[in-house]
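Residues in the sequence shown are numbered from 287 upward in steps of one, following our numbering. Backbone N, C-alpha and C fix where the C-beta goes; we use that ideal spot for every residue, glycine too. Notes follow once the structure below has been shown.
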Amino acid sequence: MKLHMFDVEKNKFVLSIHIRWIKLLAKISKQFRSVCEVFTAFREDIPMGLCFKRDGQYYIFMNDTGKVNDYVFKHEIAHIKLGHVGKKEKPGIIERMKQELEADKYALEVLKCKPLLMWRTLSVFCDEIDEKYFRSGHADDSCYAHYLMALNRLHHAEELMGMNEDIGI
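Structure (structure tokens):
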């Protein structure tokens with residue numbers, strides 16, 4: 287799997303690197319450790335993104351699937367626009383859930399991401415968490431919190447899109 291780094295200021299991809307190099311860099315760099323953790327936690331075909339700020343510049347890492355995923359890209363841009371990125375303190379789980387919901391709403395309503403792609407991406411993410419943690423017997427409080435956060439985001443996306451449970455989409 288390759289990861290692609292997007293420079294927000296330059297408005298272009300500036301780096302493509304295989305995950306094995308990220309794993310190597312993670313051994314010597316704290317910043318790459320968090321990138322490695324995000325992108326190795328799930329299957330390669332799960333669209334993933336991660337935004338960060340370094341030296342006043344904003345960057346977005348995405349996997350191959352995320353690079354072509356309109357929702358993932360716009361969701362990460364939303365985090366930057368809403369001021370969620372670059373803070374010294376990491377948010378707690380409640381604040382993080384709030385930030386994810388705000389970014390989803392901004393990506394859908396302001397950046398006009400594709401609604402069905404947003405819904406599908408969040409559905410796949412929920413299924414992946416369910417498969418990876420709960421069905422494997424690995425469930426713990428942290429896994430459950432992440433699952434509830436993903437499920438909450440999926441329901442929130444359905445509300446934003448005006449989806450009705452009776453439709454069966």
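Between which two residues does the alpha helix (DSSP H) harbouring residue i extend?
i, result
"Lys-339", "Counting along the chain, Lys-339 falls outside any alpha helix (DSSP H), though it belongs to the beta strand (DSSP E) covering 335-340."
"Phe-411", "401-415"
Thinking C-alpha only, which one of the options is nearest residue i?
i, options, result
"Met-435", "Phe-292, Glu-386, Lys-353 and His-370", "Glu-386"
"Asn-297", "Lys-373, Gln-343 and Gly-335", "Gln-343"
"Lys-360", "Ile-380, Met-383, Pro-377 and Leu-336", "Leu-336"
"Glu-256", "Gly-448, Ser-315, Lys-339 and Gln-317", "Examination of residue 256 is not possible in this model, given that the chain is present from 287 through 455 alone."
"Asp-413", "Gly-423, Tyr-433, Lys-384 and Pro-401", "Tyr-433"
"Leu-397", "Asn-349, Glu-362 and Lys-373", "Glu-362"
Report all residues from its chain with a CB closer than 7 Å to the CB of residue i; omit the five preceding and five following residues, and keep chain order.
i, result
"Tyr-403", "According to the sequence displayed, residue 403 carries Leu and not Tyr. Excluding residues within five positions, the ones whose Cβ falls inside 7 Å are Asn-355, Asp-356 and Tyr-357."
"Lys-391", "Leu-446"
"Ile-455", "Residue confidence for Ile-455 is low, a pLDDT of 47 falling below 50, so the modelled location carries little weight; the figure read from the coordinates is stated next. Excluding residues within five positions, the ones whose Cβ falls inside 7 Å are Met-449."
"Phe-338", "Tyr-345 and Val-371"
"Leu-408", "Ala-436, Arg-439, Leu-440 and Ala-443"
Within a Cβ cutoff of 8 Å, which residues of the same chain sit near residue i, ignoring the five residues on either side of it in sequence?
i, result
"Lys-309", "Cys-322 and Thr-326"
"Glu-388", "Ala-364, Leu-368 and His-370"
"Ile-379", "Ala-431 and Met-435"
"Arg-340", "Gln-317"
Tell me the residue span of the beta strand (DSSP E) that contains residue i.
i, result
"Met-291", "288-293"
"Lys-298", "298-304"
Apart from the five residues just before and just after residue i, which ones in its own chain have a Cβ nearer than 6 Å to its Cβ?
i, result
"Thr-351", "Asp-331 and Pro-333"
"Ile-303", "Leu-289"
"Cys-429", "Tyr-419"
"Ile-453", "Note on Ile-453: pLDDT 47, under 50, position unreliable in the model; no value is reported."
"Phe-461", "Here the chain comprises residues numbered 287 to 455, so residue 461 is not present and cannot be evaluated."
Is residue i helix, strand or coil by DSSP?
i, result
"Arg-439", "helix"
"Met-449", "coil"
"Ile-455", "Note on Ile-455: pLDDT 47, under 50, position unreliable in the model; no value is reported."
"Lys-418", "helix"
Just checking: is the beta-carbon of residue i within a distance shorter than 7 Å of some beta-carbon in chain B?
i, result
"Glu-362", "The structure shown contains no chain B; it is built from a single protein chain."
Practice prompt. Report the residue ranges of all alpha helix (DSSP H) runs contained in full by the segment 310-397; include only those spanning at least 4 residues, in chain order.
Written response: 316-326, 350-353, 356-367 and 379-395
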